[in-house]
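Structure record follows, encoded as structure tokens.
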Amino acid sequence: MPLYHIIILAIVQGISEFLPISSSGHLILTHALLHEGPGQPDYWGETLTLDIAVHVGSLLAILLYFRKDIWQVVLGGFDLLSAHKNGLSQRAKLCLFLIAGTIPVVIIGLILHIYEPAWARSLQLAAWGLVIFGILLGVADLKCPTTRTGADLTLKDVMIIGLAQCLALLPGTSRSGITMTAGRFLGLSRVEAARFSFLLGSIAIAGAGFLAALGLIENPPSNGLWLDIAVGVVVSCLAALGAMHILMKWLTRSSFMVFVWYRVGLGLFLLVLLYTGMLG
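The structure is reproduced here in structure tokens:
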């Protein structure tokens with residue numbers, strides 16, 4: 005895979021992972037436009053390498069951008085150890101909620117990782133996902149109140165968001181998009197829905213990167229691929245930082261509707277190309 009392909013894919017991943025527009029859908033489309041596919045030499049090895057790089061880059065971006073929140077989660081983990089004596093602090097509650105909300109996607113994700121279904125990279129399914137889940141985000145954003153904060157969440161709320169995150173395993177859904185949608189349906193403000201989505205996603209992204217790393221251990225990359233990994237990490241991290249900063253600023257004064265229209269428009273455009281045979 006040429007280095008400029010790595011850079012393009014890392015930028016696409018970094019941006020689309022944190023905007024509610026589906027990273028899987030955009031990566032599948034980008035691979036198709038770059039004519040990258042299973043028939044290319046060492047495609048799967050290079051794709052595995054890129055997966056690790058962009059997941060590490062995305063995780064670094066979350067740790068940097070939300071470093072204060074992440075530190076509170078870490079301290080909350082220590083608070084959990086003494087919760088039977090001192091009670092459950094707010095940061096311990098957040099830590100517990102993030103763990104609980106991640107359990108559903110870990111279980112379903114491991115099952116899909118073992119069986120590796122072909123539909124997981126289906127461009128047609130990604131196109132439908134862009135449209136359907138884009139409309140859901142629009143409904144949630146237009147119809148639901150924006151009165152609740154992360155501190156108002158209950159364990160039931162978190163499990164609903166966690167179960168919704170499982171839908172992100174379908175191409176075209178968007179992990180950040182579906183968790184923000186669930187948050188908005190539960191009445192979270194736009195900024196709070198995005199913040200909790202990113203914190204929850206840090207564990208899922210770390211887990212996905214870990215699974216990809218296990219595959220890399222079984223099939224070590226050639227020396228030349230280490231440069232690809234380094235480039236992928238740096239580029240995806242910078243792109244992700246930019247995307248998160250822009251989104252959080254945007255949501256303080258506007259809605260998700262620009263992303264809804266983009267998703268629906270892109271999804272319909274892809275469906276037209278697919279069903280007319282213009283895109284394979």
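Heads up: the sequence shown is residues 5 to 284, going by my numbering.
The beta-carbon is built from N, C-alpha and C at its ideal position, and this holds for glycine as well.
Classification of residue i by the beta-carbon crowding that lies within 10 angstroms, buried from 16 upward
{"i": "Ala216", "result": "buried"}
{"i": "Gly113", "result": "buried"}
{"i": "Leu94", "result": "The question names Leu, yet the displayed sequence has Gln at residue 94. Classification of Gln94: exposed, given that the 10 Å Cβ count is below 16."}
{"i": "Lys97", "result": "buried"}
{"i": "Glu120", "result": "exposed"}
{"i": "Pro149", "result": "exposed"}
{"i": "His321", "result": "Limits of the chain in this structure are 5 at one end and 284 at the other, which puts residue 321 out of reach."}
{"i": "Leu6", "result": "For clarity, residue 6 is Pro in the given sequence; the question names Leu instead. It is exposed - the Cβ of Pro6 has fewer than 16 other Cβ atoms within 10 Å."}
{"i": "Gly281", "result": "exposed"}
{"i": "Thr234", "result": "Position check: residue 234 holds Ala in this sequence, whereas Thr was assumed. Exposed."}
{"i": "Phe21", "result": "The residue asked about is misnamed: residue 21 is Glu in this sequence, not Phe. It counts as buried."}
{"i": "Ile25", "result": "buried"}
{"i": "Pro42", "result": "Confidence in Pro42 is poor, its pLDDT being 46 and thus under 50, which makes the residue's placement unreliable; the coordinate value appears in the next sentence. Exposed, because fewer than 16 other Cβ atoms sit within 10 Å of the Cβ of Pro42."}
Pairwise C-alpha distance: residue j and residue i
{"i": "Asp46", "j": "His249", "result": "In this prediction, Asp46 scores a pLDDT of 46, lower than 50, which makes its location untrustworthy; no coordinate-derived value is stated."}
{"i": "Leu192", "j": "Leu127", "result": "32 Å"}
{"i": "Val143", "j": "Tyr266", "result": "15 Å"}
{"i": "Asp73", "j": "Ile12", "result": "30 Å"}
{"i": "Gly91", "j": "Arg71", "result": "25 Å"}
{"i": "Leu146", "j": "Leu100", "result": "30 Å"}
{"i": "Ala130", "j": "Pro224", "result": "30 Å"}
{"i": "Thr151", "j": "Arg194", "result": "10 Å"}
{"i": "Ile15", "j": "Lys89", "result": "47 Å"}
{"i": "Ala155", "j": "Gly105", "result": "15 Å"}
{"i": "Leu203", "j": "Cys170", "result": "16 Å"}
Secondary structure of residue i, DSSP reduced to three states
{"i": "Leu102", "result": "helix"}
{"i": "Leu190", "result": "coil"}
{"i": "Leu272", "result": "helix"}
Endpoints, alpha helix (DSSP H) assigned at residue i
{"i": "Ser27", "result": "27 to 37"}
{"i": "Met163", "result": "159 to 170"}
{"i": "Ser20", "result": "7 to 22"}
{"i": "Leu174", "result": "Where Leu174 is concerned, there is no enclosing alpha helix (DSSP H), given that its DSSP letter is neither H nor E."}
{"i": "Gly142", "result": "127 to 147"}
{"i": "Ala124", "result": "First-last for Ala124: undefined, no H or E at that position."}
{"i": "Ala87", "result": "87 to 90"}
In chain order, each beta strand (DSSP E) run of at least 3 residues that lies wholly inside the segment 196 to 261: none
Ordered list of alpha helix (DSSP H) runs contained in the segment 46 to 85, each at least 4 residues: 47 to 69, 71 to 85
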